[in-house]
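Residue numbering for the sequence shown is 80 to 361, as defined by this note's numbering. C-beta atoms are modelled at their ideal positions from N, C-alpha and C, and glycine is treated no differently. Data first, discussion second: the structure below is written as structure tokens.
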Amino acid sequence: MATSILDHIVHLTPPGTVAETANQFRQLGFNVLDGGTHADGFTANSLVILGDHVYLELISFVKPVEAYPPNSSSRRQRESRKWADKQPGWIDYAFLGNGSLTAPTRISDIINARSPSGALYLEETPGGRTRPDGEILQWVISSPSKANSILPFFCGDVTDRRLRVPTQPDSTTRHPSDARGIAHILLLTSESTFTTAFKELSAVIDVLPFSRTATEAKWHLSTLHGLHSPTLILSTPVDREQTQFVSNKSAPDIYEVGLWVGEDGEEGGVATPFAKIVWVPV
């Protein structure tokens, strides 16, 4: 299967704020579905499902680190949990995996075989979540080998993806803002890390960018549904705001997410308390 199918984008907020964040996104013009609690009990989420069947995952930790007894097993697990050291905002993005835990068909095997610079992905791990209606979901995660990597992780369904990402009825993917799908993800990196990030992303996506300069590269991604494909943009900063963003980060990160909107949709951009959204006319 292709290793460039966009699955979802992750938006993190402070512990215990999933419901509050869901209401904030509703005020921005999105329909939001309750997601549930993940299998390890440390995180919960809500979903904004778009017309291209990509979704925005609104996630937070259920409790702050301090809620767990010092030196306890639960405290250590919470501290080592993925995204535990991330600041709120757009923190990660996922491509669609194949759900395999067996070599040589695992996503990690496929991508690592392409990479000229060593293993880019760790061995797969199982994951899951229980929906509010009691439905148990299962999937397989393929994570980058480097901490705070600019590379996507992969989420491959074991149970039917339609249970994880319910796109019916049609009203689920229709939004008051007229948001229809992902137009772009803008990744910002420093000049010193641009070349390495470019090579690693090219190995994952498995195609050369359709546009490339010394400071920017753009790749077409695909989705499971939709007429307009997203663009993944890797760039160095072009203005003071972007320079400040990069200087505040210890690694390359997502600066903004662009959403396709219809002719009657929103214009310009909006901001959550922690992240930037840009409306892009179809």
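As assigned by DSSP and simplified to three states, the class of residue i
i, result
"ASN124", "strand"
"ALA258", "strand"
"ALA163", "coil"
"VAL133", "coil"
"GLN217", "strand"
"LEU107", "coil"
"ASP212", "coil"
"VAL251", "The amino acid at residue 251 is misidentified as Val; the sequence shows Thr. Three-state result, THR251: helix."
"VAL359", "strand"
Beta-bridge partners of residue i, as assigned by DSSP
i, result
"ASP113", "SER125"
"SER290", "LYS297"
"LEU266", "LEU313 and ILE333"
"GLY95", "Paired residues: none, contrary to the question."
"LEU447", "Because residue 447 is not part of the residues shown, which for the chain are 80 to 361, the question remains open."
"ILE138", "LEU91 and ASN124"
"PRO223", "TYR200"
"GLY207", "GLN217"
Cut-off 7 Å between Cβ atoms - residues of its own chain near residue i, not counting five sequence neighbours on either side
i, result
"ALA198", "ASN191 and SER224"
"HIS299", "PHE289, SER308 and THR310"
"ALA101", "VAL111, SER125 and LEU137"
"PHE277", "ALA296 and LEU313"
CA-to-CA distance, residue j to residue i, given in whole angstroms
i, j, result
"PHE104", "ASN327", "25 Å"
"TYR147", "TYR134", "31 Å"
"PRO143", "PHE289", "43 Å"
"SER250", "VAL237", "26 Å"
"GLY305", "ASP131", "5 Å"
"VAL97", "SER125", "7 Å"
"ILE84", "ILE128", "15 Å"
"VAL361", "SER151", "51 Å"
"PRO205", "VAL219", "4 Å"
"GLY95", "THR122", "9 Å"
"GLU346", "GLU335", "15 Å"
"ARG154", "ASP171", "23 Å"
Run of the alpha helix (DSSP H) containing residue i, from where it starts to where it stops
i, result
"GLU279", "270-284"
"ALA350", "Run containing ALA350: none in the alpha helix (DSSP H); it sits in the beta strand (DSSP E), 348-350."
"ASP188", "186-193"
"LEU230", "Premise fails: LEU230 is in no alpha helix (DSSP H) and is neither H nor E."
"VAL180", "Per the sequence presented here, residue 180 reads as Leu, with Val not at that position. Element bounds for LEU180: n/a, residue is neither H nor E."
"LEU242", "240-243"
Endpoints, the beta strand (DSSP E) within which residue i is located
i, result
"GLU335", "332-340"
"ASP393", "Only positions 80 to 361 of the chain appear in this structure, which leaves residue 393 out of reach."
"GLY325", "The amino acid occupying residue 325 in the given sequence is Val; Gly does not appear at that position. Looking at the DSSP string, VAL325 is not in any beta strand (DSSP E); the run it does join, the alpha helix (DSSP H), is 319-326."
"LEU199", "That residue, LEU199, is in no beta strand (DSSP E); it is neither H nor E in DSSP."
Own chain residues within Cβ distance below 6 Å of residue i, not counting five before or after
i, result
"GLY168", "PHE353 and ALA354"
"GLY337", "ALA262, HIS263, VAL357 and VAL359"
"GLN217", "GLY207, VAL237 and THR238"
"TRP339", "ARG259, GLY260, ALA262, HIS307, VAL359 and VAL361"
Contacts around residue i, its chain only, beta-carbon distance under 8 Å, and the 5 residues preceding and following it disregarded
i, result
"GLU202", "ARG185 and SER187"
"ASP343", "ASP257"
"PRO362", "Here the chain has residues from 80 to 361 only, and residue 362 is not among them."
"LEU265", "ILE312, SER314, ILE333, TYR334, GLU335, VAL336 and GLY337"
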